[in-house]
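Heads up: the structure comes next, in structure tokens.
There are 2 protein chains.
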Amino acid sequence: MKTFSDLSRLSLNQITTNQWSVREAVEGCVRAGIPAIAIWRNKLAETGLQETVNIVRNAGLTVSSLCRGGGFPATSASERQANIDENRRAIDEAAALHAAVLVLVCGPTPDRNIDAARGMVTDAIEQLLPYATERGVKLGIEPLHPMFAADRSVIVTLAEATRLAKRFASPQVGVVVDVYHVWWDPEVYASIEQATGHILGFHVNDWAVPLPDTLHGRRMMGDGVIEIRRLRHAVEQAGYHGPIEVEILNQTIWNMPGDDVLKLMCQRYLEHV
Amino acid sequence: MKTFSDLSRLSLNQITTNQWSVREAVEGCVRAGIPAIAIWRNKLAETGLQETVNIVRNAGLTVSSLCRGGGFPATSASERQANIDENRRAIDEAAALHAAVLVLVCGPTPDRNIDAARGMVTDAIEQLLPYATERGVKLGIEPLHPMFAADRSVIVTLAEATRLAKRFASPQVGVVVDVYHVWWDPEVYASIEQATGHILGFHVNDWAVPLPDTLHGRRMMGDGVIEIRRLRHAVEQAGYHGPIEVEILNQTIWNMPGDDVLKLMCQRYLEHV
Numbered sequence: 008m009k010t011f012s013d014l015s016r017l018s019l020n021q022i023t024t025n026q027w028s029v030r031e032a033v034e035g036c037v038r039a040g041i042p043a044i045a046i047w048r049n050k051l052a053e054t055g056l057q058e059t060v061n062i063v064r065n066a067g068l069t070v071s072s073l074c075r076g077g078g079f080p081a082t083s084a085s086e087r088q089a090n091i092d093e094n095r096r097a098i099d100e101a102a103a104l105h106a107a108v109l110v111l112v113c114g115p116t117p118d119r120n121i122d123a124a125r126g127m128v129t130d131a132i133e134q135l136l137p138y139a140t141e142r143g144v145k146l147g148i149e150p151l152h153p154m155f156a157a158d159r160s161v162i163v164t165l166a167e168a169t170r171l172a173k174r175f176a177s178p179q180v181g182v183v184v185d186v187y188h189v190w191w192d193p194e195v196y197a198s199i200e201q202a203t204g205h206i207l208g209f210h211v212n213d214w215a216v217p218l219p220d221t222l223h224g225r226r227m228m229g230d231g232v233i234e235i236r237r238l239r240h241a242v243e244q245a246g247y248h249g250p251i252e253v254e255i256l257n258q259t260i261w262n263m264p265g266d267d268v269l270k271l272m273c274q275r276y277l278e279h280v
Numbered sequence: 008m009k010t011f012s013d014l015s016r017l018s019l020n021q022i023t024t025n026q027w028s029v030r031e032a033v034e035g036c037v038r039a040g041i042p043a044i045a046i047w048r049n050k051l052a053e054t055g056l057q058e059t060v061n062i063v064r065n066a067g068l069t070v071s072s073l074c075r076g077g078g079f080p081a082t083s084a085s086e087r088q089a090n091i092d093e094n095r096r097a098i099d100e101a102a103a104l105h106a107a108v109l110v111l112v113c114g115p116t117p118d119r120n121i122d123a124a125r126g127m128v129t130d131a132i133e134q135l136l137p138y139a140t141e142r143g144v145k146l147g148i149e150p151l152h153p154m155f156a157a158d159r160s161v162i163v164t165l166a167e168a169t170r171l172a173k174r175f176a177s178p179q180v181g182v183v184v185d186v187y188h189v190w191w192d193p194e195v196y197a198s199i200e201q202a203t204g205h206i207l208g209f210h211v212n213d214w215a216v217p218l219p220d221t222l223h224g225r226r227m228m229g230d231g232v233i234e235i236r237r238l239r240h241a242v243e244q245a246g247y248h249g250p251i252e253v254e255i256l257n258q259t260i261w262n263m264p265g266d267d268v269l270k271l272m273c274q275r276y277l278e279h280v
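Chains as they are written, first to last, in this note's numbering: chain G, 8 to 280; chain D, 8 to 280.
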């Protein structure tokens, strides 16, 4: 399989350098020769939308995604409406940033009825789609690892995310593939193939053994057991040739100087992705 | 859906009372009116096989399963052979105990190649099957939660376990359904239906939110988000009417007096299973 010899498809997902503000992360990317960045909404809120747009634009970076929309299921109709409204604001921000996609982490079930929660996700995306379409924002449904089904997302397999995305029969809705969330799945390669033409993003990192923590246990590429390059190749076969985000939530990495993180990230990207 | 009004199908999986020896657990079951027990091999080793057989038989308990065989994949052929040999010993023990099934936790991948590890699992079961058949021992493939794919079992969905079991076209090989491992799966009810006639065991417990620990985070039925009764009903629809094991790995429960654990377990079983 083809290896990378340049960084032209690499994107820094901002959470990987959580120690940095938007400005610091953008300047770090410029220094490291990384052409794209994924912005997190909490960081954007700290800096302000217009200032974030200016910083990114002046640096000449592409915005591979905005993280995140979603969080749809809730017990009451008014809470669900509040979640929709919050997602409209996220769509506005994604439009202002010219982000390639708004990543959706769909949210947990508010009770024991996971099927009903899945229905709420479908309903919410249906409500959001016209708004996103008017603003030219794509919605990327990211299946999370099944260990997050109870507290982060009821959408936990790529097959399910793809079925959901295809229901809308719109180029504005697709899926985001993160190796950490899908690598374990005996159907992952079949699911990637089924997602052909609907993949809007690809995230890389690695799965440590033993896993120190479900949320913050992910590692730099090469430090775990995921067949990252094989997955990247499959995603390309399925038509995705866009940015590849490195997204790592890990305190050890957050304790490193940001420039060292980017240096290591670039090296591992060339070696393992 | 039908609720239970008696304990006739309840079984104590011995790990739930890890604070107890075989003898203590068996005597506890007798006091609590629990008619069946699942024995763990490490506890059996402490007590001795013949003594364990005698204790269980004299108490009049049924042995719903022996935990566990499996652990098949390994880097070298000699290691894989050693694993097969160890599983033959487990089959002998299951036969001596008249255990209804030997539960297989199939083992992790020894490297990044999860597909190859899955092939090793298939090969190992194929090798073991004649030995198990001669001794009248059933092999129950238990899919684990996908968060254990890297360190405990490469078999992580019920669909995959069922496909694997059906390959052997033998009543001696089937699947074991544990609610903790399968509840998140959008295909779980379809998978249970596909497993009709092949289900050899059913384990209950619950998924706490937030999950304090991947291995030891499971809880008593009713303390989490799993639709246990709906899953039990589906498993019955698929033809399983055997023992229902309560299997909980949890330090808080292990710190309780064993009799209190059994009392709580019986109450929650009647309320939630």
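Glycine included, C-beta positions come from ideal geometry on N, C-alpha and C.
Original post:
Is the distance from the Cβ of D213(G) to the Cβ of I233(G) below 8 angstroms?
Top reply: In this structure, I233(G) lies closer than 8 angstroms to D213(G) by Cβ.
Original post:
Considering V242(G), what are the terminal residues of the alpha helix (DSSP H) in which it resides?
Top reply: Counting along the chain, the alpha helix (DSSP H) containing V242(G) begins and ends at 235-244.
Original post:
Do three or more CB pairs link the segment 118-131 of chain D to the segment 78-86 of chain D at distances below 8 angstroms?
Top reply: Contact between the segment 118-131 of chain D and the segment 78-86 of chain D is present, with at least three C-beta pairs closer than 8 angstroms.
Subject >> Nearest-angstrom Cα separation, counted from D118(D) out to R4(G) >> reply: Because chain G is modelled from 8 through 280, residue 4(G) falls outside the range shown and cannot be assessed.
Original post:
On the three-pair Cβ rule with 8 angstroms, is the segment 160-170 of chain G touching the segment 185-193 of chain D?
Top reply: Yes, they touch.
Original post:
Can you name the residues that DSSP bridges to F209(D)?
Top reply: Partner(s): V184(D), I251(D).
**OP:** Check the Cβ-Cβ distances between A81(D) and every residue of chain G, and say whether any is below 8 angstroms.
**Re:** It does not: the Cβ of A81(D) has no partner Cβ on chain G nearer than 8 angstroms.
**OP:** Find out if the Cβ-Cβ distance for the pair V108(G), S72(G) is shorter than 8 angstroms.
**Re:** It is a contact, given that the beta carbons lie within the stated cut-off.
Original post:
Taking the alpha carbon of K145(D) as the point to measure from, which residue in A156(D), A172(D), H152(D), A166(D) has its own alpha carbon closest?
Top reply: Of the listed residues, the one whose Cα sits closest to K145(D) is A172(D).
Subject >> Three-way DSSP call (helix, strand, coil) for N20(D) in this model >> reply: N20(D) sits in a strand when the DSSP states are folded into three classes.
Original post:
Quick one: what does DSSP say W190(G) is sitting in, helix, strand or coil?
Top reply: Reduced to three states, the DSSP call for W190(G) is coil.
Subject >> Closest by C-alpha distance to P137(G), when choosing among G224(G), A176(G), I22(G), Q258(G) >> reply: Nearest C-alpha to P137(G): A176(G).
Subject >> CA-to-CA distance, L207(D) to D185(G), given in whole angstroms >> reply: Roughly 35 angstroms between the two C-alpha positions.
Original post:
the segment 87-114 of chain G: which residues have C-beta closer than 7 angstroms to a C-beta of chain D, in chain order?
Top reply: Against chain D - using a Cβ distance shorter than 7 angstroms - the segment 87-114 of chain G contributes no residues.
**OP:** Look up S72(G) in the DSSP assignment and give the residues it is bridged to.
**Re:** For S72(G), the beta-bridge partners assigned by DSSP are A45(G).
Original post:
Does the count of Cβ pairs from the segment 42-59 of chain G and the segment 216-225 of chain G closer than 8 angstroms reach three?
Top reply: No contact exists between the segment 42-59 of chain G and the segment 216-225 of chain G.
**OP:** Note down, in chain order, all residues in the segment 142-167 of chain G with a beta-carbon under 7 angstroms from any beta-carbon belonging to chain D.
**Re:** The residues in question are H152, P153, M154, A156, A157, D158, V163, T164, E167.
Original post:
When the cut-off is 8 angstroms and only beta carbons count, does W214(G) lie next to chain D?
Top reply: Closer than 8 angstroms: yes.
Original post:
How would you list, in chain order, the residues of chain G whose beta-carbon sits under 8 angstroms from the beta-carbon of R119(D)?
Top reply: Identification of chain G residues near R119(D) by a Cβ-Cβ cut-off of 8 angstroms yields V232, I233, E234, ordered along the chain.
Subject >> Any chain G beta carbon closer than 8 angstroms to P281(D) >> reply: No statement about residue 281(D) is possible, as the shown extent of chain D runs from 8 to 280 and does not include it.
**OP:** Check whether the Cβ of T59(G) lies closer than 8 angstroms to any Cβ atom in chain D.
**Re:** Chain D contact via Cβ: absent.
Original post:
Applying the criterion that 16 or more other CB atoms from any shown protein chain within 10 Å of the CB defines a buried residue, is A197(D) buried or exposed?
Top reply: By the Cβ neighbour-count rule, A197(D) is exposed, with fewer than 16 other Cβ atoms within 10 Å of its own.
Subject >> CB contact below 8 angstroms: T259(G) versus chain D >> reply: Answer no: the Cβ-Cβ gap between T259(G) and chain D never drops below 8 angstroms.
**OP:** Taking V29(G) as the reference, give the member of S12(G), L51(G), L19(G) with the closest Cα.
**Re:** Taking only the C-alpha atoms, the option nearest V29(G) is L51(G).
Original post:
Within 8 angstroms (strictly less), CB to CB, does L218(D) reach chain G?
Top reply: Chain G, which has a Cβ nearer than 8 angstroms to the Cβ of L218(D), makes this yes.
Original post:
Would you say P178(G) reaches chain D, if we count a Cβ-Cβ gap shorter than 8 angstroms as a contact?
Top reply: No, its Cβ sits nowhere closer than 8 angstroms to a Cβ of chain D.
**OP:** Answer yes or no: does any C-beta atom of chain D fall closer than 8 angstroms to that of T203(G)?
**Re:** Interface criterion not met: the Cβ of T203(G) is under 8 angstroms from no Cβ in chain D.
Original post:
In chain order, what residues of the same chain lie with their CB nearer than 7 angstroms to the CB of A245(G), ignoring the 5 residues before and after it?
Top reply: For A245(G), where only same-chain residues beyond five positions count, the Cβ hits under 7 angstroms are I199, E200, A202, T203, I206.
Original post:
For S177(D), which three-state DSSP category applies?
Top reply: Of the three classes helix, strand and coil, the one that applies to S177(D) here is coil, per DSSP.
**OP:** Compute the beta-carbon to beta-carbon distance between V110(D) and R75(D), rounded to the nearest angstrom, for a pair I have assumed lies under 8 angstroms.
**Re:** V110(D) to R75(D), Cβ: 5 angstroms. Contact.
Original post:
Should G249(G) be labelled buried (16 or more other beta-carbon atoms within 10 Å of its own) or exposed?
Top reply: Residue environment for G249(G): buried (at least 16 other C-beta atoms within 10 angstroms of its C-beta).
Original post:
What does W47(D) touch in chain G if you count any residue whose Cβ is under 9 angstroms from its own?
Top reply: Those do not exist, as W47(D) stays about 21 angstroms from chain G at its closest Cβ, beyond 9 angstroms.
Subject >> Short Cβ contact (8 angstroms threshold) for S18(G) with I251(G) >> reply: Yes. Within cutoff.
Original post:
How close, in whole Å, do the beta carbons of Q26(D) and W261(D) come, if the pair is a contact with beta carbons under 8 angstroms?
Top reply: Here Q26(D) really is in contact with W261(D); their C-beta atoms are around 5 angstroms apart, less than 8 angstroms.
Subject >> Cα-Cα separation between V70(D) and R239(D), rounded to whole angstroms >> reply: Near 20 angstroms, if we compare the C-alpha coordinates of R239(D) and V70(D).
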